[in-house]
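Undergrad:
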Amino acid sequence: MIIPAITIQKRKIREYEELERYSSGPLWVTDNDAKGGKEMNINIYDDLAGQYELYIDGEFRHRDDVADAITMGANMVTISERMDIKKMLDSLFITENIIFYYRGNREKMERFISEGGKYIYSDSYVENIPIKIFTRDGKCGECNIILDIGEYNGRRN
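Count the sequence shown with our numbering and you get residues 986 to 1142, in order.
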């Protein structure tokens, strides 16, 4: 599946005009404010939730942030691999709709999977894991591909 992606930064959708081309369906929302330790953009999530299936990429580090994002309409949320194990397990108790943001901590990713986690996001190829993978790397044939819809792309170039 290809999932269009937008970025929220400084409480604004950077690709607002491009977003008008998408009337519904899945939408990957990279919340750079939340990733940077600021408040989540809950009002924006709420506005988008009625129209899109939201995948909120906030790399949340707290169980309450996971719960709040799901409550505000997110279908799926990313957690940071910096989240401690207890908070990660508590988050999995709240919802199974968590995407583990994998950057290289294989041990923590394997613990996430062994405790019931079903989804991984990684820009590097992850081998031999029986779960669904989200990535921006188009080389992964069976992965869900995250595709930026505008020129901004969250400085990922």
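C-beta: ideal position from N, C-alpha, C; glycine also.
(1) Check each candidate in Arg1048, Ile1029, Met986, Trp1013 and name the one with the smallest Cα separation from Arg996.
(2) Enumerate, from N- to C-terminal direction, the unbroken beta strand (DSSP E) stretches of 3 or more residues contained entirely within the stretch 1095-1140.
(3) For the alpha helix (DSSP H) containing Asn1017, name the first residue and the last one.
(4) According to DSSP, is Lys997 helix, strand or coil?
(5) Spatial neighbours of Glu1003 within its chain, please: CB distance less than 7 Å, with the 5 preceding and 5 following residues excluded, ordered by chain position.
(6) Excluding sequence positions up to five away, which residues of its chain have a Cβ less than 6 Å from the Cβ of Gly1035?
(7) Would you mind working out which of Lys1093, Glu1100, Asp1032, Tyr1087 sits nearest Ile1118, comparing C-alpha positions?
(8) Tell me the residue span of the beta strand (DSSP E) that contains Thr1063.
(9) Buried or exposed: Arg1140, going by 16 or more other Cβ atoms within 10 Å of its Cβ?
(10) Taking all protein chains shown into account, do 16 or more other C-beta atoms lie within 10 angstroms of the C-beta of Asn1142, making it buried, or fewer, making it exposed?
(11) Should Leu1039 be labelled buried (16 or more other beta-carbon atoms within 10 Å of its own) or exposed?
(12) Please classify Ile1105 as buried or exposed, where buried requires at least 16 neighbouring CB atoms within 10 angstroms.
(13) Does at least one heavy atom of the ligand SAH sit under 7 Å from the Cβ of Lys1124?
TA: Taking the definition as stated:
(1) Your numbering for residue 996 matches position 11 in the sequence shown. Selected option, being the one with the closest Cα: Ile1029.
(2) 1104-1106, 1117-1120, 1129-1133
(3) Taking the first residue of the sequence shown as position 1, residue 1017 is located at position 32. Unbroken alpha helix (DSSP H) run through Asn1017: 1017-1020.
(4) The residue given as residue 997 occupies position 12 in the sequence shown. Strand.
(5) Locating residue 1003 in the sequence shown gives position 18, counting from the first residue. Closer than 7 Å at Cβ, skipping near neighbours: Ile1134, Gly1135.
(6) Reading the sequence shown from its first residue, position 50 is the one you call residue 1035. Answer for Gly1035: no residue qualifies.
(7) By 1-based counting over the sequence shown, the position of residue 1118 is 133. Considering only alpha carbons, the answer is Tyr1087.
(8) As a first step, residue 1063 is located in the sequence shown; it is residue number 78 there, counting from the start. 1059-1065 is the extent of the beta strand (DSSP E) around Thr1063.
(9) For the purposes of this step, residue 1140 is taken as residue 155 along the sequence shown, with counting starting at 1. Interpretation of Arg1140 is limited by its pLDDT of 47, a score under 50 that renders its predicted location unreliable; no figure is taken from the coordinates.
(10) On the sequence shown, residue 1142 is found 157 positions in, with the first residue counted as 1. Note on Asn1142: pLDDT 41, under 50, position unreliable in the model; the coordinate value appears next. Burial call: exposed.
(11) Position 54 of the sequence shown holds residue 1039. Buried is the call here.
(12) Indexing the sequence shown from 1 puts residue 1105 at position 120. Buried.
(13) Ligands displayed in this structure: none; no statement on the ligand SAH is therefore possible.
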